[in-house]
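Protein chains: 2
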Amino acid sequence: MPQTDDVNLEEVYAFALQLAKDAGKLLDDAWRARCNGDGLVDQVEKESSVDIVTQTDEARAGSHYSRTFKDVEAFVKMKIESRFPAHHFVGEEAYSKGASRDYLIGQDPTWCVDPLDGTVNYTHIFPMFCVSIAFLLEGAPVIGVINAPFMHQTFSACRGKGAWLNETQRLPLLRNPIPPMPKDAPKGCVFSCEWGKDRRDRPDSNLHRKVESFVNMAAEISGRGGKGGMVHGVRSLGSATLDLAYCAMGSFDIWWEGGCWEWDVAAGIAILQEAGGLVTTANPPEDPDTAKIEEVKVGSRLYLAIRPAGDSPTETARQGQERTVREVWKRVRHLDYVRPDA
Amino acid sequence: MPQTDDVNLEEVYAFALQLAKDAGKLLDDAWRARCNGDGLVDQVEKESSVDIVTQTDEARAGSHYSRTFKDVEAFVKMKIESRFPAHHFVGEEAYSKGASRDYLIGQDPTWCVDPLDGTVNYTHIFPMFCVSIAFLLEGAPVIGVINAPFMHQTFSACRGKGAWLNETQRLPLLRNPIPPMPKDAPKGCVFSCEWGKDRRDRPDSNLHRKVESFVNMAAEISGRGGKGGMVHGVRSLGSATLDLAYCAMGSFDIWWEGGCWEWDVAAGIAILQEAGGLVTTANPPEDPDTAKIEEVKVGSRLYLAIRPAGDSPTETARQGQERTVREVWKRVRHLDYVRPDA
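If you read the sequences in order, they're chains U and G.
Position one of the first sequence corresponds to residue 1 (my numbering), numbered consecutively onward.
Position one of the second sequence corresponds to residue 1001 (my numbering), numbered consecutively onward.
Right, dumping it as structure tokens:
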């Protein structure tokens, strides 16, 4: 297997950037073709199920979405394999074909790709869909490129080279100076969250835990028995990848979510970390005030992201981010998404 | 006062289109200037209050947001007044200066403008902000133009001339054929809703009524005592104007909201209606199965919007939309936003 030392990051980054743009063009062509009547309207649903992914391939069979997804994944995989034949490739398709539920990404140079993130958005032609391409070394995402063709937005980052919107605007966008985290965070923060596909209406289901957490974050400060967070806004886009990208931009202060897989988050994490953001676990520890704040595991399925921050007169950027993490942990419930061997 | 007969709609439409693009350019310049350090970061909050609007002007004083808002409104008003001096002009500024809470738009030719919709988004530089310009005759929005400069999206419509994205793509986007409403709607639908600014944590507050409605729409079909709607996705963008625009595009099947004012919705309603959508009231009538489905009043503050639909083998487009309205009404609570003399 190739050694990490052999990898020329600059070369890989340039390749990934072009690849995301080319793949984004395929997505762009595909939705435009649908508008011209080429392709049925097929609102294929991933029904509520613990086993979402394995069910998906069947449900998608024959649908336009499925064709687009498979075409773009095949294109990206082919391009990577011919240019970097020794690298690993991890995608949703590979996973759903029966890989175990182990962590999928090891120490070797690995590509992790979601050819079409924002499934439901794409199906309904809501612009928040994208292709997401990450490259990892020793399990860490060091390159990420996200292309959202409908909105003409490309987010990219390579470790040590900054994070960028459309290769010209450095992220976060507000950086003269980068604003510190609000002093009463989560008050003043834009909070991004997703309803997801697990809609079981059972006591203490993930749906109920999520909604309880959302309401805590949203309610007035005096509300919810002291848990009211009075966030500035609550947003739900339907794309984990773009949630992370907008955290990197500084648009979203906080993103909290469970249930994603590696390909949903790897590129976004690379971009957010390079922009100066913090990503850790969604699930609150026993003592949120004192627990060590660990760096996220890409395959953990539980994510809490904080935007890049600046120093304030009274605390460093990292201190402000960690304070925000603790305040979120005090307001959210544990989510029940497991990795069997985690 | 000018008579409706004197109005040349084609001339007004061309003028409104150019005006929205010019005003959008001002917004685009303003956020870019902030990125370059010109302007403080000022997350001015409209605190929770029944009387949100009158409080706003003070809270905004001196902020970058306030300057941008006022500059763009002054520009738009000046342009309209010099070209069409006999027309009325209604904007948030005029209203907050002490106009009564009467319906603001009468029978005469009237412009209704929101120079910057998506306040919180703009403040945090999340791309979902826009300028919104409507022209009304006899109280009905007959022209609407929305420009969202960060995303390069212009939505426009003039009665009888179709609704358009960027003047080139007719709305809804999927139109060969236009999909009928899903047979089990709201299942299969993308449901757009907003958390809003009223975050009071009191029994039966608007926050609680909204959340109860959101959860009904989201939960599995068997859940919530039969009210589970299992929508395909739940989205919250933080812009009523863009919620309506994405309904016109066909991206959102259902938008349900209370609390907006005329300038938040007038242009969006013009575009959605011209695209073939239905807009009625958010609050369910006594008998949702049989009540007449009235056309929306622009100033009603309560909105339920359904996307343009096609006929199915078993029902007309309108029948499918009305069926969807009734199914939403069965799942949502009354919201408590009043118009004192309504």
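For each residue, glycine too, the CB sits at the ideal point set by N, CA and C.
Can residue 1263/G and residue 1112/G be called in contact, C-beta distance under 8 Å?
Locating residue 1263/G in the second sequence gives position 263, where the first residue counts as 1. Locating residue 1112/G in the second sequence gives position 112, where the first residue counts as 1. The answer is yes: Cβ separation under 8 Å.
In chain U, what lies closer than 7 Å to residue 1190/G by C-beta?
Counted from its first residue, the second sequence places residue 1190/G at position 190. Correct list: 120, 124, 126.
Against chain G, which members of the stretch 195 to 208 of chain U pass a CB distance test of less than 7 Å?
195, 199, 200, 201, 207
Count the CB pairs spanning the stretch 179 to 187 of chain U and the stretch 1155 to 1174 of chain G that are closer than 8 Å, and state whether there are at least three.
Between the stretch 179 to 187 of chain U and the stretch 1155 to 1174 of chain G, the count of Cβ pairs shorter than 8 Å is below three; the stretches do not touch.
For the beta strand (DSSP E) that residue 289/U lies in, which residues bound it at each end?
Position 289 of the first sequence, counted from the start, is the residue given in the question as residue 289/U. Element bounds for residue 289/U: n/a, residue is neither H nor E.
Determine the DSSP secondary structure at residue 71/U, reduced to helix, strand or coil.
Residue mapping note: residue 71/U aligns to position 71 of the first sequence, counting from 1. Helix, per DSSP.
Counting only beta-carbon separations shorter than 8 Å, does residue 34/U have a partner in chain G?
As a position in the first sequence, residue 34/U is number 34, starting the count at 1. So, interface residue.
According to the neighbour-count rule (16 or more other Cβ atoms, all chains shown, within 10 Å of its Cβ), is residue 1121/G buried or exposed?
As a working mapping, residue 1121/G is identified with position 121 in the second sequence. Looking at its Cβ environment, which holds 16 or more other Cβ atoms inside 10 Å, residue 1121/G is buried.
Below 7 Å between beta carbons is the criterion; list the residues of the stretch 1144 to 1160 of chain G that meet it against any residue of chain U, in chain order.
Hits within the stretch, in order: 1151, 1152.
Between which two residues does the beta strand (DSSP E) holding residue 1235/G run?
The count along the second sequence starts at 1 and reaches residue 1235/G at position 235. Note, residue 1235/G: beta strand (DSSP E), 1233 to 1235.
Would you mind telling me which residues of chain G sit closer than 7 Å to residue 219/U, beta carbon to beta carbon, in chain order?
Sequence index remark: in the first sequence, residue 219/U carries index 219 (1-based). Under the 7 Å cutoff, chain G gives 1199, 1201, 1207.
Where does residue 1318/G sit, in a helix, a strand or coil, going by DSSP?
Numbered from 1 along the second sequence, position 318 holds the residue referred to as residue 1318/G. Helix.
Please report how far the alpha carbon of residue 1091/G lies from the alpha carbon of residue 15/U, in whole angstroms.
As a first step, residue 1091/G must be located in the second sequence, where it is residue number 91. As a first step, residue 15/U must be located in the first sequence, where it is residue number 15. Their backbone Cα atoms lie some 49 Å apart in a straight line.
Are the CB atoms of residue 254/U and residue 158/U nearer to each other than 8 Å?
Taking the first sequence and counting its residues from 1, the one referred to as residue 254/U is at position 254. Taking the first sequence and counting its residues from 1, the one referred to as residue 158/U is at position 158. In this structure, the beta-carbon distance from residue 254/U to residue 158/U does not fall below 8 Å.
Quick one: give me the first and last residue of the beta strand (DSSP E) that residue 144/U is part of.
Here the question's residue 144/U lines up with position 144 in the first sequence. 140 to 148 is the extent of the beta strand (DSSP E) around residue 144/U.
Terminal residues of the continuous alpha helix (DSSP H) containing residue 1122/G?
The residue given as residue 1122/G occupies position 122 in the second sequence. Residues 1119 to 1124.
Hey, does residue 319/U have any beta-carbon neighbour from chain G nearer than 8 Å?
Position 319 of the first sequence, counted from the start, is the residue given in the question as residue 319/U. False, the Cβ-Cβ gap to chain G never drops below 8 Å.
Taking 8 Å as the cut-off, does the stretch 1142 to 1157 of chain G touch the stretch 1209 to 1217 of chain G (at least 3 CB pairs, one atom from each stretch)?
no
Determine, using beta carbons only, whether residue 1337/G and residue 1302/G come nearer to each other than 8 Å.
The residue labelled residue 1337/G in the question sits at position 337 within the second sequence. The residue labelled residue 1302/G in the question sits at position 302 within the second sequence. Yes. Within cutoff.
Between 289/U, 288/U, 286/U, 305/U, which lies nearest to residue 295/U when the distance is taken from Cα to Cα?
As a first step, residue 295/U must be located in the first sequence, where it is residue number 295. Nearest C-alpha to residue 295/U: 305/U.
Evaluate residue 410/U with the Cβ neighbour count: other Cβ atoms within 10 Å of its Cβ, from every protein chain shown; 16 or more gives buried, anything less gives exposed.
For residue 410/U there is no data in the structure shown, the boundaries of chain U being 1 and 342.
Return no unless some Cβ of chain U is closer than 8 Å to the Cβ of residue 1075/G.
Numbered from its first residue, the second sequence carries residue 1075/G at position 75. No, its Cβ sits nowhere closer than 8 Å to a Cβ of chain U.
Alpha carbon to alpha carbon, how far is residue 21/U from residue 252/U? Give it in angstroms, no decimals.
By one-based count along the first sequence, residue 252/U stands at place 252. By one-based count along the first sequence, residue 21/U stands at place 21. Distance between the alpha carbons of residue 252/U and residue 21/U: 24 Å.
From the DSSP secondary-structure annotation, give me the bridge partner or partners of residue 133/U.
On the first sequence, position 133 is the one that residue 133/U refers to. Per the DSSP secondary-structure output, residue 133/U pairs in a beta bridge with 113/U, 145/U.
Given that a residue counts as buried once 16 or more other Cβ atoms are within 10 Å of its Cβ, and exposed if not, what is residue 192/U?
By one-based count along the first sequence, residue 192/U stands at place 192. It is buried - the Cβ of residue 192/U has at least 16 other Cβ atoms within 10 Å.
Answer yes or no: do residue 1201/G and residue 226/U have a C-beta to C-beta separation smaller than 8 Å?
Numbered from 1 along the second sequence, position 201 holds the residue referred to as residue 1201/G. Numbered from 1 along the first sequence, position 226 holds the residue referred to as residue 226/U. No.
With H, G and I counted as helix, E and B as strand and the rest as coil, what does DSSP make of residue 1193/G?
As a first step, residue 1193/G must be located in the second sequence, where it is residue number 193. Strand at residue 1193/G.
Is any beta-carbon of chain G found at less than 8 Å from that of residue 249/U?
Your numbering for residue 249/U matches position 249 in the first sequence. Yes, its Cβ sits closer than 8 Å to a Cβ of chain G.
Along the chain, where does the alpha helix (DSSP H) that runs through residue 1155/G open and close?
On the second sequence, position 155 is the one that residue 1155/G refers to. Run containing residue 1155/G: none in the alpha helix (DSSP H); it sits in the beta strand (DSSP E), 1153 to 1158.
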